[in-house]
Amino acid sequence: MSGATLLKESGPKEVFCGLTSIVWLHRRMPDAFFLVVGSRTCAHLIQSAAGVMIFAEPRFGTAILEERDLAGLADAHDELNRVVKNLLARRPEIKTLFLVGSCPSEVIKIDLSRVAENLNIELKGQVTVLNYSGSGIETTFTQGEDGALKALIPLMPKSDQKKLLLVGTLANAVEDRLISIFKRLGIDNVESFPPRQSTELPSIGPETKVLLTQPYLTDTARELKNKGAEIIEAPFPLGVTGSTLWIQAAANSFGIDKSIVDSILNPLISRAKQALAPHVEKLSGKKLFLLPESQLEIPLARFLSNECGMEIVEIGTPYLNRDLMKAEIDLLPPECRIVEGQHVEKQLDRVRDSSPDLVVCGMGLANPLEAEGISTKWSIEMVFSPIHGIDQASDLAELFSRPLRRHDILKPKTLTSN
Amino acid sequence: MELTLWTYEGPPHIGAMRIATSMKKLHYVLHAPQGDTYADLLFTMIERRGSRPPVTYTTFQARDLGGDTAELVKGHIKEAVDRFKPETLLVGESCTAELIQDQPGSLAKGMGFDIPIVSLELPAYSKKENWGGSETFYQIVRTLLKDQSNESKHTWQEEKRRPRVNLLGPTLLGFRCRDDVLEIQKLLGQYGIDVNVVAPLGASPADIMRIPNADVNVCLYPEIAESTCIWLERNLNIPFTTTVPLGVGATQDFLKELHEVLEMEIPQSVNESNNSKLTWYSNSVDSNYLTGKRVFIFGDGTHALAAARIATEELGFKVVGLGTYSREMARKVRPAAKALGLEALITNDYLEVEDAIKETSPELVLGTQMERHSAKRLGIPCAVISTPMHVQDVPARYSPQMGWEGANVIFDDWVHPLMMGLEEHLIGMFKHDFEFVDGHQSHLGHLGGKGTENINQGVKTTISNDSTNTSNNPIWTHEGERELSKIPFFVRGKVRRNTENYARQAGCREINEETLYDAKAHYKA
Ligand code: SF4
Ligand code: SF4
Chain E
1416 MSGATLLKES GPKEVFCGLT SIVWLHRRMP DAFFLVVGSR TCAHLIQSAA GVMIFAEPRF
1476 GTAILEERDL AGLADAHDEL NRVVKNLLAR RPEIKTLFLV GSCPSEVIKI DLSRVAENLN
1536 IELKGQVTVL NYSGSGIETT FTQGEDGALK ALIPLMPKSD QKKLLLVGTL ANAVEDRLIS
1596 IFKRLGIDNV ESFPPRQSTE LPSIGPETKV LLTQPYLTDT ARELKNKGAE IIEAPFPLGV
1656 TGSTLWIQAA ANSFGIDKSI VDSILNPLIS RAKQALAPHV EKLSGKKLFL LPESQLEIPL
1716 ARFLSNECGM EIVEIGTPYL NRDLMKAEID LLPPECRIVE GQHVEKQLDR VRDSSPDLVV
1776 CGMGLANPLE AEGISTKWSI EMVFSPIHGI DQASDLAELF SRPLRRHDIL KPKTLTSN
Chain B
5 MELTLWTYEG PPHIGAMRIA TSMKKLHYVL HAPQGDTYAD LLFTMIERRG SRPPVTYTTF
65 QARDLGGDTA ELVKGHIKEA VDRFKPETLL VGESCTAELI QDQPGSLAKG MGFDIPIVSL
125 ELPAYSKKEN WGGSETFYQI VRTLLKDQSN ESKHTWQEEK RRPRVNLLGP TLLGFRCRDD
185 VLEIQKLLGQ YGIDVNVVAP LGASPADIMR IPNADVNVCL YPEIAESTCI WLERNLNIPF
245 TTTVPLGVGA TQDFLKELHE VLEMEIPQSV NESNNSKLTW YSNSVDSNYL TGKRVFIFGD
305 GTHALAAARI ATEELGFKVV GLGTYSREMA RKVRPAAKAL GLEALITNDY LEVEDAIKET
365 SPELVLGTQM ERHSAKRLGI PCAVISTPMH VQDVPARYSP QMGWEGANVI FDDWVHPLMM
425 GLEEHLIGMF KHDFEFVDGH QSHLGHLGGK GTENINQGVK TTISNDSTNT SNNPIWTHEG
485 ERELSKIPFF VRGKVRRNTE NYARQAGCRE INEETLYDAK AHYKA
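Protein chains in written order, with my numbering: chain E, 1416 to 1833; chain B, 5 to 529.
Here you go:
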């Protein structure tokens, strides 16, 4: 590993729990439904995180535990059965139902896997019922996706075909683009996980080579490995370099000639660099502080420092998987400070002390920092925006240059913070 | 277990956060897992507040559960007191912490701080946000004032000063509270009445201590302040007003009530002039089109009740549905609905509300953001009158709901989603004009342009989806569709629905040109 300093911090945190990932997962797999088994808090959280943005009836909901459910566990199981059946009667189009565990359901020990098992027997394949935990006592933010994918793995059929499997939710357009690039390289058999329909799971076997698209899929990667798949070691496809190395790593493991790879990627790279140039001009030399939220912080910092010339004050990450992140950390400038975990107050003190030009943070912290005159960028935008791949590098950079441009445009005198 | 897709209210500790964040020099230690910190964004994003709520979350994790979570709680409490130096400390727990029973309140009390500590017990599995807010406010007031006695209290007359009142109940994430307070302060000033303390919004613990200096409490938002007002009346002899000054009539009644309680002469001007334009605008000939417009009302108790009164008495609407998600307010909403010949809809299920809207097919919905979405799906205009809050409900401009100016704002907000009177006439006269072909739109932003197609599509999908017995649905003939297409697009959805309803009732399998006119005659009759 490079010389980056790795520190741990503990204290009060300010991050979403794993339930939040439902907000993008339910859009990825429109035939699935996510039923949180939890409290009014859990219901309120996903509602607030999703905003009132969704006009259609959402494909997620909460079975809210009430006083009497706490009294007897047997009843809670029966009640959940009843709720699920009501839901399925109302929404016959559901093909996969995720029962999502929460803090309360875990603390009172509702056995969701048993409920799922019983329901699967009863429903006879009409609907597949799965379970995972999105609780805040076990998971943060993006780890919810890790849990959901892990729950799907046992259902993946076996295959001996040689194939490339892209793992992690991407925007559809970005995914299509990446697949078409792999095809041009001669990798024809490319599938993705999660699939766009929950029932069309890719098959897996010893000839499956896995390329992770997102850095937060620790458990999923481990389970895929247990199924015999090979995890290709690479940095993540953010920015020109990251994406290039990521594609090259796949090409390598498929034994594709370097000259072919270069001839296909080089034009993309030079075009992307051109598009990146105005943003680099804006970002270069600016100080960046990343607060922990999505686990995308390390690849983002790597892109913003190496390709955009930003000066990295601190990289916070809620959890650091040293294996998956090794290729990334190797690329970081040696003087980088990575802080795993959080003490939100002390971290904010450090933010103020270092007076950065831009802070990447969770939604609750953004406006208070803006009010202190510090430009911010919401972490959650990174999991919603199409930012992966060589062609997207300038769009990714723009997410960071825009707040700085805005800061310049608005006359400071006309703004007063409250 | 209750299945929800959307909820109107958060858990009770969100209510407590609303109180804590509304106040100054107070800190709230909330025993809760890390995910519960999402609540901060309600304040910093929806309210666009420039500072974080004064809340320290313990953010315990599964691995802490085996160990000593009580020590963890104490550590956070100590750190919070050291760092924030509050004048009063609130300590409570969220739903998950309630299950592990650490009793953070008693832990805090045993730590020897020399500030008042308010221990909150908010049952997360049976109560909700407004209840939590009300209970928290009550506990703060009680804790801070419990030792005050009221024996030597003098009236304003005896002390030869202007009368003083407290305005109780406004909070952050309450519907237009900030502006309401300004408006009521201004109004009272005109009548020679001073405002002593506003709470919880903007009040510090020291301000709470000054509550007994007032002659009367004004219970502005009963959801939050009623239990506190009752306690203050019982224990400190401070009477309170119960009329909420929403609408012209209610504002007049409020002033009357307040003057009575203060034993003060009402200046003649109160009855003669009202300073709201609502009355004249409502009387103007343009407003004739509002006569008997069918409205559906749903929201928190206070705003729904007020809306029903304004709608019937001040705008001449016909209320076809009235309800609230607040069970605590059901007691008041039920008789109000009954007086209108309706049965109150008391529910927490927005789908039930949507069904009720569909059922009554109103011409205007006055609801929450959720009803706005439902109304949009159904192609019905809607104005938002109540929490839950959305960033749209925190406008930059001054827009109170209470008092005279509030009535003006309400007139505009409710009437704008509708077509204005003159417009409606012109459209009747010119509906065959080429200007009114589909897609062309003058200045009716809310219904016009691209959106219109969506609305119509929305209506179609709703119709094809909603009915379980599809076979029962009448079929439109070519002629029927053609006639329907001549109807201006902004009312077409409604006509389509009415005609289909009519056809079903009349047992028609097909809808042709004649069915359309039959239906029209039926609904006009
Ligand atoms: S889409 Fe518009 S109306 Fe809906 S939540 Fe977002 S800002 Fe509000
Ligand atoms: S942290 Fe736990 S209790 Fe809170 S919203 Fe997340 S899962 Fe629910």
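Ideal Cβ placement from N, Cα and C applies to all residues, glycine included.
Selection from the options that minimises the alpha carbon distance to residue i
| i | options | result |
| --- | --- | --- |
| residue 1770 of chain E | E/1735, E/1800, E/1727 | E/1727 |
| residue 122 of chain B | B/290, B/129, B/113 | B/113 |
| residue 1730 of chain E | E/1815, E/1713, E/1613, E/1565 | E/1713 |
| residue 365 of chain B | B/269, B/395, B/327, B/501 | B/501 |
| residue 375 of chain B | B/303, B/250, B/334, B/407 | B/303 |
| residue 111 of chain B | B/125, B/102, B/95 | B/95 |
| residue 1805 of chain E | E/1492, E/1655, E/1790, E/1765 | E/1655 |
| residue 149 of chain B | B/84, B/215, B/85 | B/215 |
| residue 1601 of chain E | E/1675, E/1826, E/1767, E/1610 | E/1675 |
| residue 1745 of chain E | E/1670, E/1523, E/1648, E/1532 | E/1648 |
| residue 117 of chain B | B/81, B/106, B/166 | B/81 |
| residue 1430 of chain E | E/1789, E/1636, E/1558 | E/1558 |
| residue 142 of chain B | B/126, B/39, B/130 | B/126 |
| residue 61 of chain B | B/238, B/402, B/40, B/404 | B/40 |
| residue 1530 of chain E | E/1701, E/1491, E/1819 | E/1491 |
Cβ of residue i within 8 Å of any chain E Cβ
| i | result |
| --- | --- |
| residue 393 of chain B | no |
| residue 411 of chain B | no |
| residue 179 of chain B | no |
| residue 63 of chain B | yes |
| residue 460 of chain B | With a pLDDT of only 39 at residue 460 of chain B, under the threshold of 50, the placement of this residue in the model should not be trusted; the figure read from the coordinates follows. False, the Cβ-Cβ gap to chain E never drops below 8 Å. |
Secondary structure of residue i, DSSP reduced to three states
| i | result |
| --- | --- |
| residue 477 of chain B | coil |
| residue 1542 of chain E | coil |
| residue 73 of chain B | helix |
| residue 200 of chain B | strand |
| residue 482 of chain B | helix |
| residue 387 of chain B | strand |
| residue 406 of chain B | strand |
| residue 1431 of chain E | coil |
| residue 221 of chain B | strand |
| residue 1598 of chain E | helix |
| residue 1499 of chain E | helix |
| residue 47 of chain B | helix |
| residue 81 of chain B | helix |
| residue 233 of chain B | helix |
CB contact below 8 Å: residue i versus chain B
| i | result |
| --- | --- |
| residue 1818 of chain E | no |
| residue 1462 of chain E | yes |
| residue 1430 of chain E | yes |
| residue 1444 of chain E | no |
| residue 1821 of chain E | no |
| residue 1518 of chain E | yes |
| residue 1511 of chain E | no |
| residue 1427 of chain E | yes |
| residue 1782 of chain E | yes |
| residue 1796 of chain E | no |
| residue 1436 of chain E | no |
| residue 1441 of chain E | no |
Indicate whether the contact test is met: 3 or more Cβ pairs, each with one atom in the segment 1515 to 1534 of chain E and one in the segment 1447 to 1460 of chain E, closer than 8 Å. yes
Across the segment 395 to 411 of chain B and the segment 177 to 184 of chain B, are there enough close Cβ pairs to call them in contact, namely three or more that are closer than 8 Å? yes
Is there contact here, the segment 374 to 392 of chain B with the segment 141 to 161 of chain B, by at least three beta-carbon pairs under 8 Å? Flag = no, the segment 374 to 392 of chain B and the segment 141 to 161 of chain B do not touch.
Spell out a yes or no on whether the segment 166 to 176 of chain B and the segment 200 to 214 of chain B are touching, meaning 3 or more CB-CB pairs, one atom from each, closer than 8 Å. yes
Between the segment 1674 to 1682 of chain E and the segment 1700 to 1714 of chain E, do at least 3 Cβ pairs fall closer than 8 Å? no
Validate contact between the segment 507 to 519 of chain B and the segment 481 to 492 of chain B using beta carbons, cut 8 Å, 3 pairs: yes
Would the segment 1577 to 1591 of chain E and the segment 1629 to 1646 of chain E be scored as touching if the rule is three or more Cβ pairs under 8 Å? yes
If contact is defined by three or more beta carbon pairs under 8 Å, each pair taking one atom from either stretch, is the segment 77 to 97 of chain B in contact with the segment 32 to 47 of chain B? Yes, since at least three Cβ pairs between the segment 32 to 47 of chain B and the segment 77 to 97 of chain B fall closer than 8 Å, the two stretches touch.
I want to know whether the segment 1418 to 1426 of chain E touches the segment 1531 to 1551 of chain E - three or more CB-CB distances under 8 Å. no
Quick one: any contact between the segment 1546 to 1556 of chain E and the segment 1591 to 1606 of chain E, if contact means 3 or more CB pairs under 8 Å? no
Kindly confirm or deny that the segment 348 to 368 of chain B and the segment 322 to 336 of chain B touch, where touching means at least three C-beta pairs closer than 8 Å. Yes, the segment 348 to 368 of chain B is in contact with the segment 322 to 336 of chain B.
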